[in-house]
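Trainee: Pasting in a structure now, in structure tokens, and then I'll have a few things to ask.
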């Protein structure tokens, strides 16, 4: 055991040196080169945070191993660690945009912790409030309702995501129970998890309940964003500014004019091509017409002569 | 659990190796000043609004007489076929003696919100076809469409069959309702009109997130964890970063075009039913009688192989050929097979059918 502790100590020491080196090294402190079109800073940040999570989990696993914790517990710890990251990604994916949060907060539709909009606040809004007009109150209520729907949709979506994780966990446990040779590395464990999770996810996507949850969260988020945009547009119009719908009306008219112009140009081109053909061979249409008439007359003559023969 | 045995020494070595890779990644990234794409020389021959039409002249002695126009999807950019010299489908085609023309649709902004499929197909694409024919002094051209650009090419070939000599579709959805189509499944309850009301143009970033969400773990946590391994040398890192640059360079989709495409193709599957409308004209894929080469990947998670295979029955071509590659949606273009199998196949197939 003492040998193991020595190894741990040595490893932690090396580890510390690395992180000190990284923290003080130029790449981390130097902004991404201006010519690099990829968002290098974001890439470095992703790299750093993912590395940090991986390292932390590995360290915690080492500590657990030293305390001889059951491997089943380690598996739960792994799933919990990775699920947390996945949930963070999902929350980021479905979070309200910052301007929407700011506006909801400005209208007291959110408290500073972004906790769910309570029924009690809805009840207050349902009654007359000093300094708040009836239409303002109605608007706030509508916003509160949409926000509630969004939160409900988000909860349902996360429930679906959790079910996928649970299914993946079960599959991973089965794999680990039978894996031969046994899984020794964290990297392998991640690979198994990825395979099982994406497979469970794929199955879920084809179920009606997942599709509904996905549609609900997408639509709820968009409804809330549209609501805030409409609110803003009304304020712009009241201030005598051009609102987005008015701007869109102009764009639509402009687009229709462009379309008409294009069709006109295509028609002109077609006529021009016909004209060019005519100019290149001016007698061609007359010749073709004469040929048609000759063909008709020939057929008539043939018909008459066959009658005479009869 | 018999199959799960962590050895502390081995685990500590693994973490140490990971940290070393991470440190090396930072070092490599710090040495990169520019991530270059578009490797093959090209000349702009036409522009309209935000669209640009480029010409990449054929190289080599054996040249194909009919020009090739490549139409890419509105999502992402066409330089995916020219990311780096070793992984450039475009370069291989040009070296194979093809005169290649490329449509770069550009980045639509709010002013393009009402551009619809009629504008893209009867307008932009048709104008590009005419410009290429004019530039190459040819009555017809060969059309190659990629992904959504392939769907556009199918519509165009059905509507203007006299202008297209040969048609190549790559990773192109034709039947949008095959049972394994994840995108259609996800789209089922999403309100398209609301999306357009909310965003105007559909943000490219949103589409990227949707694509990545089809394999959430592999393209999320796992991708980030694999990153240090792909950033060990400058060459490796550049290769990785070029792909990242392309993934992030995702134009917004013109709102009305998106709505029409999503509703008609994804939700109602009208293309395969022969009921899709482009402007006032119905698209009948049976009008396609030209030779058709249909290329797709057997591991494509965006456009499942069955969605592409459906073309054989949907069109009337008597000279139909399919090439199924053991690759994913992007691998069809950037993998080793893309260079050694796909490009030579396209060149030979076209050369055989373009003479005379």
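Protein chains in written order, with the working numbering: chain A, 21 to 330; chain B, 29 to 384. In this text, a Cβ means the ideal position worked out from N, Cα and C, and glycines have one as well. All figures in this text were calculated on a predicted structure; none of them were measured in a lab.
Less than 7 Å between the beta carbons of residue 194(B) and residue 319(B), yes or no?
Mentor: Yes, Cβ-Cβ distance for residue 194(B) and residue 319(B) is below 7 Å.
Trainee: Among all the DSSP beta bridges, which residues are the ones paired with residue 310(B)?
Mentor: DSSP, once it has assigned bridges, lists 305(B) as partnering residue 310(B).
Trainee: Scan the region 47-59 of chain B for residues whose Cβ lies nearer than 8 Å to a Cβ of chain A and list them as they occur along the chain.
Mentor: Those residues of the region 47-59 of chain B that come within reach of chain A (Cβ to Cβ, closer than 8 Å) are 47, 48, 50, 51, 53, 54, 55, 57 and 58.
Trainee: Assuming residue 256(B) and residue 186(A) are in contact, meaning their beta carbons sit under 8 Å apart, how far apart are those beta carbons, in whole angstroms?
Mentor: The Cβ separation is near 30 Å, so there is no contact.
Trainee: Look at residue 264(A) and residue 253(A) and say whether their C-beta atoms are less than 7 Å apart.
Mentor: Taking 7 Å as the Cβ cut-off, residue 264(A) and residue 253(A) qualify as a contacting pair.
Trainee: Taking 7 Å as the CB-CB limit, is residue 42(B) close to chain A?
Mentor: Output row for residue 42(B): interface = yes.
Trainee: Looking at chain A, is there any beta carbon in it that lies within less than 7 Å of the beta carbon of residue 253(B)?
Mentor: Chain A, which has a Cβ nearer than 7 Å to the Cβ of residue 253(B), makes this yes.
Trainee: For the region 151-176 of chain A, which residues have a CB atom closer than 7 Å to at least one CB atom of chain B, in sequence order?
Mentor: So the list is empty, because no residue satisfies the distance condition.
Trainee: Under 8 Å: do the region 273-283 of chain B and the region 141-148 of chain B share three or more Cβ pairs, one atom per stretch?
Mentor: Cβ pair count under 8 Å is three or more, so yes.
Trainee: If the criterion is Cβ atoms closer than 7 Å, does the pair residue 240(A) and residue 170(A) meet it?
Mentor: In contact: residue 240(A) and residue 170(A) (Cβ atoms closer than 7 Å).
Trainee: Could you tell me the distance, in whole angstroms, from the CA atom of residue 182(B) to the CA atom of residue 292(B)?
Mentor: Rounded to the nearest angstrom, the two C-alpha atoms are 15 Å apart.
Trainee: Which residues, in chain order, does the region 214-233 of chain A contribute to contact with chain D at a C-beta distance below 8 Å?
Mentor: Although the question refers to chain D, the structure presented lacks it and instead comprises the protein chains A and B.
Trainee: Taking 7 Å as the threshold (C-beta atoms), are residue 329(B) and residue 242(B) in contact?
Mentor: Going by C-beta atoms, residue 242(B) is nearer than 7 Å to residue 329(B).
Trainee: Cα separation between residue 348(B) and residue 341(B)?
Mentor: Going from the Cα of residue 348(B) to the Cα of residue 341(B) covers about 10 Å.
Trainee: Am I right that residue 114(A) and residue 245(B) are in contact with their C-beta atoms under 8 Å? What's the rounded C-beta distance?
Mentor: That belief does not hold up - the Cβ atoms of residue 114(A) and residue 245(B) are roughly 17 Å apart, past 8 Å.
Trainee: What is the DSSP secondary structure of residue 146(B), reduced to helix, strand or coil?
Mentor: Note: residue 146(B) maps to helix in three-state DSSP.
Trainee: Reducing DSSP to helix, strand and coil, say where residue 136(A) ends up.
Mentor: Residue confidence is low: residue 136(A) scores 48 on pLDDT, short of 50, so the model does not pin down where it sits. Its coordinate-derived value is still stated next. The answer is coil: DSSP assigns residue 136(A) none of H, G, I, E or B.
Trainee: Looking at residue 184(B) and residue 153(B), is the spacing between their C-beta atoms short of 7 Å?
Mentor: It is a contact, given that the beta carbons lie within the stated cut-off.
Trainee: Could you tell me if residue 288(B) is buried or exposed, where buried requires 16 or more neighbouring beta carbons within 10 angstroms of its beta carbon?
Mentor: It is buried - the Cβ of residue 288(B) has at least 16 other Cβ atoms within 10 Å.
Trainee: So, is residue 299(B) buried or exposed, given that buried needs 16 or more other C-beta atoms within 10 angstroms?
Mentor: Classification of residue 299(B): buried, given that the 10 Å Cβ count is 16 or more.
Trainee: Suppose only complete runs of 3+ residues qualify. What are the beta strand (DSSP E) ranges in the region 104-153 of chain B, listed by chain order?
Mentor: As far as the region 104-153 of chain B is concerned, its whole beta strand (DSSP E) runs of at least 3 residues are 128-132.
Trainee: Start and end of the beta strand (DSSP E) containing residue 172(B)?
Mentor: Unbroken beta strand (DSSP E) run through residue 172(B): 169-174.
Trainee: So, are the CB atoms of residue 216(B) and residue 231(A) less than 7 Å apart?
Mentor: It is a contact, given that the beta carbons lie within the stated cut-off.
Trainee: Could you tell me which chain B residues have their CB closer than 9 Å to the CB of residue 117(A), listed as they occur along the chain?
Mentor: Result: empty, since nearest Cβ-Cβ is about 11 Å, beyond 9 Å.
Trainee: Would you decide whether residue 198(B) is buried or exposed? Buried here means 16 or more other CB atoms lie within 10 Å of its CB.
Mentor: Buried: at least 16 other Cβ atoms inside 10 Å.
Trainee: For residue 82(A) and residue 64(A), what's the separation of their Cα atoms in angstroms?
Mentor: So the two alpha carbons sit approximately 27 Å from each other.
Trainee: On the DSSP letters alone, give me the boundaries of the beta strand (DSSP E) that residue 84(B) sits inside.
Mentor: 79-84 is the extent of the beta strand (DSSP E) around residue 84(B).
Trainee: Suppose only complete runs of 3+ residues qualify. What are the beta strand (DSSP E) ranges in the region 314-360 of chain B, listed by chain order?
Mentor: 320-325 and 348-353, all fully within the region 314-360 of chain B.
Trainee: Tell me which residues share the same chain as residue 314(A) and place their Cβ nearer than 8 Å to its Cβ, disregarding the 5 neighbours each side in the sequence.
Mentor: None.
Trainee: Mind listing the chain B neighbours of residue 82(A)? Cutoff is C-beta to C-beta under 9 Å, in chain order.
Mentor: 34, 36, 39, 40 and 43, listed in chain order.
Trainee: Answer yes or no: does any C-beta atom of chain B fall closer than 7 Å to that of residue 265(A)?
Mentor: Not one chain B Cβ lies under 7 Å of residue 265(A).
Trainee: Could you tell me which uninterrupted beta strand (DSSP E) segments, each at least 3 residues in length, are contained entirely in the region 183-254 of chain B, listed from first to last along the chain?
Mentor: If we require 3 residues or more, the beta strand (DSSP E) runs fully inside the region 183-254 of chain B come out as 192-198.
Trainee: Roughly how many whole angstroms lie between the Cα atoms of residue 290(B) and residue 101(B)?
Mentor: Answer to the nearest angstrom: the Cα atoms are 14 Å apart.
Trainee: Please name the residue or residues paired with residue 75(B) in a DSSP beta bridge.
Mentor: Residue 75(B) is bridged to 80(B).
Trainee: When we look at the beta-carbon of residue 314(B) and count the other beta-carbons within 10 Å, is it buried (16 or more) or exposed?
Mentor: That one is exposed.
Trainee: According to the Cβ coordinates, are residue 84(B) and residue 245(A) closer than 7 Å?
Mentor: No, the Cβ-Cβ distance between residue 84(B) and residue 245(A) is not below 7 Å.
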